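First residue of the sequence shown? That's 906 in the numbering used here, and the numbers climb one at a time after it. Idealized CB from N, CA, C, for every residue including glycine. None of the values given here were measured: they were computed from a predicted structure. Structure first, then comments.
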Amino acid sequence: MSEAKSGDTVRIHYTGTLTDGTTFDSSTGRDPLEFTVGGGQIIPGLDKAIPGMSVGDQKKVEIPCAEAYGDRDPQAMQNVPRDAIPENITLEKGLQLQMQTPQGQVVPVTVAEISDGEVTLDANHQLAGQDLVFDIELVEIA
906 MSEAKSGDTV RIHYTGTLTD GTTFDSSTGR DPLEFTVGGG QIIPGLDKAI
956 PGMSVGDQKK VEIPCAEAYG DRDPQAMQNV PRDAIPENIT LEKGLQLQMQ
1006 TPQGQVVPVT VAEISDGEVT LDANHQLAGQ DLVFDIELVE IA
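Set out below in structure tokens:
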């Protein structure tokens, strides 16, 4: 039976949870996730868990935040004048928006705070600073 190795295209079913057991993502009811092992297409900690697995193997992997979405970066928080947000957007904490950098890159942000004069936008990934747990099953090696 062959084992997955770097460069292989694989398909996995997975359930991702926080350390408190809260599920944040799952392939249940969807097609398996397909990616190239070692190709940088998924978080590093999950990518490192696949080599050596055979089709049908299942495992639980605990991934520290450094090998997932990293620590929260205070530099990724930005205060913008409230009037810089288009009037047709109803602001509320937790609202997901997109910003464009001066170089044209689109960056997803979340409204973190709202005051009379400013809106604090958070460009950290929602799972930044979190240790993650994945239950994975290797379903195919292409």
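Between the Cα of Thr1025 and the Cα atoms of Ala981, Thr995, Ile1046, Val1012, which residue gives the shortest distance?
Stepping through the sequence shown from its first residue, residue 1025 is reached at position 120. Between Thr1025 and the set Ala981, Thr995, Ile1046, Val1012, the nearest pair of CA atoms involves Ala981.
State the DSSP-derived secondary structure class of Leu1032, mapped to helix, strand or coil.
Locating residue 1032 in the sequence shown gives position 127, counting from the first residue. Leu1032 falls in the coil class under three-state DSSP.
When you compare each of His918, Leu951, Ala1047, Asp978 to Ser932 by their alpha carbons, which one comes out closest?
As a first step, residue 932 is located in the sequence shown; it is residue number 27 there, counting from the start. Considering only alpha carbons, the answer is His918.
Contacts around Gly1022, its chain only, beta-carbon distance under 7 Å, and the 5 residues preceding and following it disregarded:
To locate residue 1022, count along the sequence shown from 1; it is residue 117. Excluding positions up to five away in sequence, the list reads Pro986, Arg987.
Are three or more beta carbon pairs between the region 931-950 and the region 972-979 nearer than 8 Å?
These segments touch.
Secondary structure, beta strand (DSSP E): runs of 3+ residues fully inside the region 916-941:
The region 916-941 contains these whole beta strand (DSSP E) runs: 928-931, 938-941.
With distance defined between alpha-carbon atoms, name the residue in Arg916, Ala989, Lys964 nearest to Met1004.
Translated into the one-based positions of the sequence shown, residue 1004 becomes position 99. Among Arg916, Ala989, Lys964, the Cα nearest to that of Met1004 is on Ala989.
Just to confirm the assignment: which complete alpha helix (DSSP H) runs, minimum length 4, are found wholly within the region 963-1027?
DSSP runs (the alpha helix (DSSP H)) wholly in the region 963-1027: none.
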